[in-house]
DNA sequence: AATCTTAATTTTGCATTCAAAATTAAATCA
DNA sequence: TGATTTAATTTTGAATGCAAAATTAAGATT
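Residue numbers (the numbering used here), protein chains in the order written: chain A, 298 to 541; chain B, 298 to 541.
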């Protein structure tokens, strides 16, 4: 999730008894927002394609009103580009913007690390340790997909441990941009081994609660990821990366 | 501006002649967005107040459709809180969130400094130097309002010199949150003098293109600003700060 | 045939309408 | 009187309607 924009169903009074599974009654606007965002990030809607309101309305069985609300929000997130009197297109995947996203993400991760070293509780540190074990397993098993899965979880725990909602929100926004490029696929064996080593250092620094060190490693981690991406892109011209 | 979400009037063909002053035909949605955002940041709409759609529609002479579109976007920016079936309120001014915003802003400024040291052109450096002079003048003249004006311009030049659109966008978002708290007013003479000194260091580091140093100073600058705010808030309980 | 008009069609931006929910006001009862 | 229903009113969320703009199609012109 990127950012909590609304509070749900305030009027559902349950006589003081909290229902175990409240029926999540999201507005159409909210549902569409999530659905469209996912479609763009997953690549179901490709960059630069025109967004056909009529088509999408039919697809989701809603009127244009909530759809258009969602599109405005997506535009403000940079996932969609509105062109006056010509509707919306899926935002072009701008390589310059993507490159720009990495150092920003690095800075935010660095801050997250510094704060997490201070605020993480024992459970969180243990959880990172546990996941680190799984990460190694995934590496050994050659399961790249699983590796990325676990990797994402680790970074999310650290982000959460930072106890900074503003950081969380902004990080989500950049992560959105980066994830959309989905170059998770191409990673050399060397780089993979290096990433594992970096993660070991991340865990160690967190356990030692060494904020400066954790911060530095995380920033470097991101820098290296960027280098990998650049290298892959340099090398893999034309051969469009597909996976994830 | 926070983020360019739309492209204007693509269809206005002028036979190859670029009109000197194109009539800015913003959508109602965009105009309302800017207007409401300003109203919230300026404090014209106070935190927690209910947003009366009918009232605002009458005020601006528009229907609810574009107004509601703007509200959804403002909600995604965190300036407005939507409550299901109860409409929108101006987002509460959450002190925890505000505190959280400072370190994030500090990190972003630090990155901006590092990048600006690399990418700033001569004109930009000269401009910061010129504004630095004005800053000192404002200080000498005791013009706090003017000081903040110039201060903002300096930071904007550095941000621009970083040549990183993602950084610019995110910075805008945090700045929004911080500006809304408008504690610019309360600043002790000591702190003011210190800020001036820090700005001198900022200029020097930029002129020397010392990214590390510039980065460190900017982060410290923000930290100090935060301390000032905290102190003021600690001291000035009840006595609501008023001014810009 | 290629270009330029002009008319028909579609799409967009916004206003209006409508049902469901929430709020307020009125009526009922202890 | 004060609490509790119940009914009337307002507000919200979303669908529909409509005029202006853009796109496409058709016809005219060279």
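Using N, Cα and C, we set each Cβ at its ideal position, and we do this for glycine too.
The alpha helix (DSSP H) that contains residue i, what's its start and end?
i                      : result
residue 403 of chain B : 392-416
residue 331 of chain A : 325-339
residue 367 of chain A : 361-374
residue 505 of chain B : Run containing residue 505 of chain B: none; DSSP gives neither H nor E here.
With H, G and I counted as helix, E and B as strand and the rest as coil, what does DSSP make of residue i?
i                      : result
residue 433 of chain A : helix
residue 379 of chain A : strand
residue 459 of chain A : coil
residue 512 of chain A : helix
residue 441 of chain A : helix
residue 483 of chain A : coil
residue 342 of chain B : coil
residue 318 of chain B : Residue confidence for residue 318 of chain B is low, a pLDDT of 39 falling below 50, so the modelled location carries little weight; the figure read from the coordinates is stated next. Coil.
residue 310 of chain A : Residue placement at residue 310 of chain A is flagged as unreliable, the pLDDT there being 32, under the threshold of 50; a coordinate-derived value is accordingly withheld.
To which residues does DSSP link residue i through a beta bridge?
i                      : result
residue 519 of chain B : In DSSP, residue 519 of chain B forms no bridge with anything.
residue 347 of chain A : A:386
Residue range of the beta strand (DSSP E) that residue i falls in?
i                      : result
residue 463 of chain A : No beta strand (DSSP E) contains residue 463 of chain A, which is instead part of the alpha helix (DSSP H) from 462-478.
residue 385 of chain B : 384-387
Evaluate residue i with the Cβ neighbour count: other Cβ atoms within 10 Å of its Cβ, from every protein chain shown; 16 or more gives buried, anything less gives exposed.
i                      : result
residue 339 of chain B : exposed
residue 327 of chain A : buried
residue 522 of chain A : buried
residue 470 of chain A : buried
residue 448 of chain B : buried
residue 532 of chain A : exposed
residue 382 of chain B : exposed
residue 373 of chain B : buried
residue 492 of chain B : buried
residue 346 of chain B : exposed
residue 389 of chain B : exposed
residue 334 of chain B : buried
residue 554 of chain B : In the structure as shown, chain B begins at 298 and stops at 541. Residue 554 of chain B is therefore absent and cannot be evaluated.
residue 363 of chain A : buried
residue 358 of chain A : exposed
residue 512 of chain B : buried
residue 392 of chain A : exposed
residue 247 of chain B : What the structure shows of chain B is the stretch from 298 to 541, and residue 247 of chain B is not part of that stretch, so it cannot be assessed.
residue 474 of chain A : buried
residue 423 of chain B : exposed
residue 343 of chain A : exposed
residue 490 of chain A : exposed
residue 477 of chain A : buried
residue 361 of chain B : exposed
residue 610 of chain A : The displayed coordinates of chain A run from 298 to 541. Any statement about residue 610 of chain A would go beyond what the structure contains.
Original post:
Below 8 Å, can you find three or more Cβ-Cβ pairs linking the region 450-467 of chain A to the region 409-425 of chain A?
Top reply: Yes, the region 450-467 of chain A touches the region 409-425 of chain A.
Original post:
Taking three-plus beta-carbon pairs below 8 Å as touching, is the region 414-429 of chain A in contact with the region 495-512 of chain A?
Top reply: With the cut-off at 8 Å, the region 414-429 of chain A and the region 495-512 of chain A touch.
Original post:
Taking contact to mean at least 3 C-beta pairs separated by less than 8 Å, is the region 394-401 of chain A in contact with the region 447-461 of chain A?
Top reply: The answer is no - the region 447-461 of chain A does not touch the region 394-401 of chain A, with fewer than three Cβ pairs under 8 Å.
Original post:
Would the region 433-445 of chain A and the region 357-368 of chain A be scored as touching if the rule is three or more Cβ pairs under 8 Å?
Top reply: no
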